[in-house]
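Undergrad: Have a look at this one before I ask anything.
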Amino acid sequence: MRTEPSQSSNPSSKSLHNEQAEYRVQGLSCPNCTREMQDEIQRLDHGKSARLNYNSGKLLISPQVDLTRVEGILKRDGAHIVPLAGSAGHNSPNEASPSHTHADGHGHHHGHSHGQGAEQKMKWLLSVSAIFYLLTFILEGRAPETFIIVLYASAMVLSGYTTFLRGLRNLTRLKFNMDTLMTVALIGAVIIGEWREATLVAILFGLNELLEGYGMNRARQSMEALLAAAPKEAEVIRGGETVRVPIESLSVGDIVRVRPGEKIPSDGIVTQGTGAVNEAAITGESVPLTKRNGESVYGGSVSTDGVLHITITKRTKILHSPRSCILYKKHKTARHRPSYLSINSRNIIRLPS
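Residue 341 in my numbering sits at position 345 of the sequence shown, and the numbers go up by one each step.
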């Protein structure tokens, strides 16, 4: 068996318009806010191709874009670029280092999410807020009213100070989103003396943000782990001999040989052999399925026993990683529609008085 070298081009030979720098962004508050910031970045010089994604926390921009102006746009909404681990050799005004993504869609990943520290901090703040809130029930009628109000105010600030700051910044710019509405609602509740209700709403909103971020990080880590485990090479039968080639060079009609324990490089049809295939990573089915001649298989599934010869039916450039990862990444890069609550809140704001 011989090995063919990768035919991918050298990144240094690509022009700047075919290369994008990738950064991690922390502090994105909501999909709508993220989309608004993306629009602002796209209006910068050379920023038309910029993509800022809320779910993945990634920013893709041309290296020609002024990163200082980008950071200014992010900072106005409470977000900021965080350094990528293991990416020495790249510099930026805040020492945030990019990875690079080329026009073929394959990036060089150099880091990981730095959101766990923020999650831990939010857990502590919410815990303290909940304790203060419960103390108001215990001390009501026993402690001075001023002290009770201080407890309410402290719980409110601790659980929702990031929302308040974003909301106040948005108010000064007459920008209305969920943070703005929450800030206005809480201020209104405090003005009319409904401290208990205002505090409860602030805690619940903070809890919602924590759970949403936690779920998003878990999903992101799981999908990135699957993508990292995708096969890099495949054994192709050509001219009667087996050749090991990079996944990117596979074409429709190629016949690949998959041994037990190896991942199927792309969607295809079994043309020779019988064996069990584990599709848990793609379909969620935990029991391996027996595949025979003429049956289809998914790229990214694992052959658990038996040697299979598979004719490729899908372009590996698109489907060389597990189907679930591809669907997730498409979802991450899609433009998100406003949520039901966001739609209604925007309509309410725009109604004439």
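Idealized CB from N, CA, C, for every residue including glycine.
Per DSSP, D35 forms a beta bridge with which residues?
TA: In the DSSP output, where bridge partners are listed per residue, D35 has none listed.
Undergrad: By the three-class DSSP mapping on this structure, what secondary structure does D175 have?
TA: Note: D175 maps to helix in three-state DSSP.
Undergrad: Starting from L48, follow the beta strand (DSSP E) in both directions and report where the run begins and ends.
TA: 47 to 49 is the extent of the beta strand (DSSP E) around L48.
Undergrad: Closer than 7 angstroms: is that where the CB of R240 sits relative to any heavy atom of the ligand ADP?
TA: Ligands displayed in this structure: none; no statement on the ligand ADP is therefore possible.
Undergrad: Would you kindly check if the distance between the Cβ of P261 and the Cβ of A215 is under 8 angstroms?
TA: No, Cβ-Cβ distance for A215 and P261 is not below 8 angstroms.
Undergrad: Report yes or no: do three or more beta-carbon pairs, one from the stretch 266 to 281 and one from the stretch 243 to 250, lie closer than 8 angstroms?
TA: Verdict: no, contact absent.
Undergrad: In the stretch 210 to 264, which residue ranges form an unbroken alpha helix (DSSP H) of at least 4 residues, counting only runs that do not cross its ends?
TA: Those alpha helix (DSSP H) runs which fall completely within the stretch 210 to 264 and span 4+ residues do not exist here.
Undergrad: Identify which residue in V239, P27, R20 has its Cα closest to the Cα of K54.
TA: Looking at the Cα atoms, R20 is the closest of the given residues.
Undergrad: For the beta strand (DSSP E) containing G271, list its first residue and its last residue.
TA: Looking at the DSSP string, the run of the beta strand (DSSP E) that includes G271 is 271 to 274.
Undergrad: For I145 and W191, which I take to be in contact (beta-carbon distance under 8 angstroms), what is that distance rounded to the nearest angstrom?
TA: Correct: roughly 6 angstroms between the Cβ atoms.
Undergrad: Go through its chain and collect everything with a Cβ distance to L24's Cβ below 6 angstroms, but skip five positions before and after it.
TA: Hits under 6 angstroms: T30, Y50, A75.
Undergrad: Nearest-angstrom Cα distance between V66 and G202?
TA: Approximately 27 angstroms, taken between the alpha carbons.
Undergrad: Let me know if I199 comes out buried or exposed under the rule of 16 or more other beta-carbons within 10 Å of its beta-carbon.
TA: Buried is the call here.
Undergrad: Less than 8 angstroms separating the beta-carbons of I265 and G296?
TA: Their beta carbons are not under 8 angstroms apart, which means I265 does not touch G296 by this criterion.
Undergrad: Which residue marks the beginning of the beta strand (DSSP E) containing T64, and which one marks its end?
TA: Element bounds for T64: not the beta strand (DSSP E) but the alpha helix (DSSP H), 63 to 72.
Undergrad: Given a cut-off of 8 angstroms on the beta-carbon distance, is the pair L48 and Q34 in contact?
TA: Contact flag set, yes.
Undergrad: Have a look at E36, P27, L63 and flag the residue whose alpha-carbon is nearest the alpha-carbon of E18.
TA: The option with the nearest alpha carbon to E18 is L63.
Undergrad: Take G302 as the anchor and find which of N28, T286, Q60 has the nearest alpha-carbon.
TA: Ranking N28, T286, Q60 by Cα distance to G302 puts T286 first.
Undergrad: Hey, could you find the ends of the beta strand (DSSP E) A17 is sitting in?
TA: Note, A17: beta strand (DSSP E), 15 to 22.
Undergrad: Going by beta carbon distance, what residues of the same chain come within less than 8 angstroms of K119, once the five residues before and after it are set aside?
TA: Closer than 8 angstroms at the Cβ level, and outside the excluded window around K119, lie L206.
Undergrad: Please identify the residue among T270, Y294, E237 whose C-alpha is closest to the C-alpha of E281.
TA: Comparing Cα positions, the closest option is Y294.
Undergrad: Taking buried to mean at least 16 other C-beta atoms within 10 Å of its own C-beta, is P140 buried or exposed?
TA: Flag for P140 reads exposed.
Undergrad: In whole angstroms, give me the CA-to-CA distance for T142 and L131.
TA: Computed Cα separation, rounded: 14 angstroms.
Undergrad: Let me check one thing: in DSSP terms, what residues is K54 bridge-paired to?
TA: In the DSSP output, where bridge partners are listed per residue, K54 has R20, N49.
Undergrad: State the Cα-Cα distance for the pair Q268 and I306, rounded to the nearest angstrom.
TA: So the alpha carbons of these two residues sit roughly 7 angstroms apart.
Undergrad: Can you tell which of L154, P256, T176 has the C-alpha that lies nearest to the C-alpha of T270?
TA: With distances taken between Cα atoms, T270 lies closest to P256.
Undergrad: Buried or exposed: A99, going by 16 or more other Cβ atoms within 10 Å of its Cβ?
TA: The predicted model places A99 with a pLDDT of 43, which falls under 50 and marks its position as unreliable; any figure quoted below should be read in that light. Classification for A99: exposed.
Undergrad: Count the other CB atoms, across all protein chains shown, that sit within 10 Å of the CB of F133; report buried if there are 16 or more and exposed otherwise.
TA: Looking at its Cβ environment, which holds fewer than 16 other Cβ atoms inside 10 Å, F133 is exposed.
Undergrad: Which same chain residues, not among the five before or five after K71, have their C-beta less than 7 angstroms away from its C-beta?
TA: Nothing meets the Cβ criterion.
Undergrad: Quick check: the Cα distance between R253 and I77, rounded to an integer number of angstroms?
TA: If you take the alpha carbons of R253 and I77, they lie about 44 angstroms apart.
Undergrad: Mind reading off the beta-carbon distance from S123 to A151? Whole number of angstroms is fine, and I expect it under 8 angstroms.
TA: About 11 angstroms; that fails the 8 angstroms criterion.
Undergrad: Out of curiosity, what's the CA-to-CA distance linking D355 and R162?
TA: Not covered by the structure: residue 355. The range shown for the chain is -3 to 349.
Undergrad: If you reduce the DSSP assignment to three classes, tell me which class T158 lands in.
TA: Looking at T158 - three-state DSSP - the assignment turns out to be helix.
Undergrad: Tell me whether V303 sits in a helix, a strand or coil according to DSSP, three-state version.
TA: Correct three-state label for V303: coil.
Undergrad: Tell me which same chain residues have a C-beta within less than 8 angstroms of the C-beta of K228, skipping the five on either side of it?
TA: Cβ neighbours of K228 beyond the five flanking positions: P242, I243.
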